[in-house]
Amino acid sequence: MTVDEFISALKNAGMTLTEKQIQQFEQYYALLVATNEHVNLTAITEKNDVYLKHFYDSLTVAQYETALQDSHGTLIDVGTGAGFPSLPLKIAYPNLNITMVDALKKRVNFLQEVVTTLGLSGVTIVHGRAEDIGQDPKYREQFDFATARAVARTSVLAEYTLPFVKIGGEFLVMKGAAAEQELADGRQALATLGGQLRDAYEFTLPNGDTRFVQIVAKTKKTPKKYPRQAGTPSKKPIG
Ligand code: SAM
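The opening residue of the sequence shown carries number 97 in this note's numbering; numbering runs sequentially from there.
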């Protein structure tokens, strides 16, 4: 996807980027490839691939949860890596307040550099593991939305994300072709952690790849024992 194709695909979806936003995506791309020379951020570096598989793909969630588009709400992105999906969402929807969590310090340092260079405000960067941060009252059940991309299967991800979501908020699941199986395997985890599936959407990226966005509403408080100790959710998923 060229930059022009990216701009027009978003326009077709009802989102017109300003010159400033187009430039911010360019700056983000330049920093990503430059930093990737010495810090392992992503295997995807070719420009058209980054625009499709990182930038465009990250923004798809806002087509299905349209409240992200003009919301002053709070979104936490768990295991954000080089900033996906939350940084493209922040560039496209500047009113959104984002919190980015990652366990790797080098990636967190990169995120800080991007935020400073692009002049973004309303961004919090947290270095640590979701299991530890999810027990911190400063972050626990404080967010309107939690999401994560390419971090873990849904049963595990539910334990990383749902503790952050306030009642009435949502866990936005972004997945590829295995989404429905992962959801079926994760049903008990979602229920245990206070989540309830509200909507599910299947769509394709412009290159034909299958994607899903599943919206899980937080309807009950997450029991205090979750998230369990770091490492336990992935070793012993609920269910
Ligand atoms: N979300 C990004 C994306 O879609 O490109 C990054 C995906 S990368 C495959 C997974 C990231 O999740 C890594 O940066 C890793 O450090 C982070 N991660 C994995 N488990 C985590 C945990 N329990 N808490 C915080 N970060 C975690």
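Just so it is clear, CB atoms sit at the ideal spot from N, CA and C, and this is done for glycine as well.
- For T176, the shortest C-beta to heavy atom distance toward ligand 1 is below 8 Å.
- In this structure, A273 keeps its C-beta atom at 9 Å or more from the C-beta atom of G175.
- In the three-state scheme derived from DSSP, where H, G and I count as helix and E and B as strand, D166 is classed as coil.
- CA-CA distance, Y160 to A109, rounds to 11 Å.
- In this structure, the beta-carbon distance from G177 to T138 falls below 9 Å.
- In the three-state reduction of the DSSP assignment, L286 falls in the helix class.
- Remark: three or more beta-carbon pairs, one from each stretch, lie closer than 8 Å, so the segment 267 to 287 and the segment 306 to 323 are flagged as touching.
- Shortest gap from the CB of T138 to any heavy atom of ligand 1: under 8 Å.
- For A254 against L289, the beta-carbon gap comes to about 5 Å, under 8 Å, which counts as contact.
- With a cutoff of 9 Å on beta-carbon distance, F260 and Q238 are scored as near each other.
- By alpha-carbon distance to Q292, the top candidate from V204, I221 and K317 is K317.
- Its Cα nearest to that of I229, the residue Y256 stands out among Y256, R283 and L216.
- For E298, the secondary structure class from DSSP, reduced to helix, strand or coil, is strand.
- Taking S167 as the centre and dropping the five residues before and after it, the same chain places the C-beta of Y189, N191, L192 and D240 closer than 8 Å to its C-beta, in chain order.
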